[in-house]
Amino acid sequence: MVVTFCIMFAFWVLLSAWVSDHEAPGHFNLLHVCEGIIAALIVTVISHELLIPGKGEKVLLKTLRLIPYLGWELWQIALATFDVAYRVIHPKMPIDPRIIEFETTLRSDFALTTLANSITLTPGTITILVEPEKGKFVVHAIAEKPADALLVDKTMQRKVAHVYMEE
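Take any residue in the sequence shown, count from 1 to its spot, add 13: that is its number in this note's numbering.
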């Protein structure tokens, strides 16, 4: 936790040196430094387990697997953006909203959060509810095609499972 605190405090010092409200940039007094120490302590306590994983979690491998997933997700966001734009400008507006539910085999917090955020970031779908114990998702989809991508195709789920080694 000491290393995490040092990193957080150094980050605070960098930000404080760069941005200043009332004084010249880089000006520090006892009050500002104490605020920085308190802020770094709070962030350290909250984020220590997130930033410093336990042994055997294969963080490097998961990170290397996440990079191509992010590229794939950006591509899906672009495709979905065009799909939603088409639906909006089409004279008949082929919008058929629906609420879908599905269960996934994903169980880790990071995997569930990645899937939930990926769904929400993709235009035309939004995650409404996640039940981590069951791996249950409730999602709103703008039409049948985006809903089927989650219910039938399940590519996003498989890719997230691959990233977090939950296959």
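Glycine is no exception: its CB is placed at the ideal position from the N, C-alpha and C atoms.
- Quick one: residues in its chain with C-beta nearer than 6 Å to the C-beta of E86, no 5 flanking neighbours on either side, listed in chain order? Walking along the sequence shown from the start, residue 86 turns up at place 73. The answer, listed in chain order, is S131.
- Item | Distance, F22 Cα to L28 Cα | Looking up residue 28 in the sequence shown gives position 15. Looking up residue 22 in the sequence shown gives position 9. If I take the Cα positions, the gap works out to 10 Å.
- Item | DSSP-derived helix/strand/coil call for H153 | As a first step, residue 153 is located in the sequence shown; it is residue number 140 there, counting from the start. H153: strand per DSSP, three-state reduction.
- Establish whether the CB of T138 and some CB of chain B are separated by less than 8 Å. Among the chains in the structure shown there is no chain B, since it carries only a single protein chain.
- Task: Mind the definition here: the stretch 149 to 157 touches the stretch 98 to 114 only if three or more C-beta pairs lie below 8 Å; say whether that holds.
- Result: yes
- Spatially closest choice to A93 from C47, G137 and H45, by CA coordinates: Here residue 93 refers to the residue found at position 80 when the sequence shown is read from its first residue. It is G137 whose Cα lies nearest to the Cα of A93.
- Item | Inter-residue CB distance, M178 and K75 (contact presumed, cutoff 8 Å) | Walking along the sequence shown from the start, residue 178 turns up at place 165. Walking along the sequence shown from the start, residue 75 turns up at place 62. Right, the Cβ-Cβ distance comes to about 7 Å (below 8 Å), so this counts as a contact.
- Query: Who pairs with T140 in a beta bridge, going by DSSP?
  - Reply: In the sequence shown, residue 140 corresponds to position 127, counting from 1. In the DSSP output, where bridge partners are listed per residue, T140 has V152.
- Going by other Cβ atoms of all chains shown within 10 Å of its Cβ, with 16 needed for buried, is R100 buried or exposed? By 1-based counting over the sequence shown, the position of residue 100 is 87. With 16 or more other Cβ atoms within 10 Å, it is buried.
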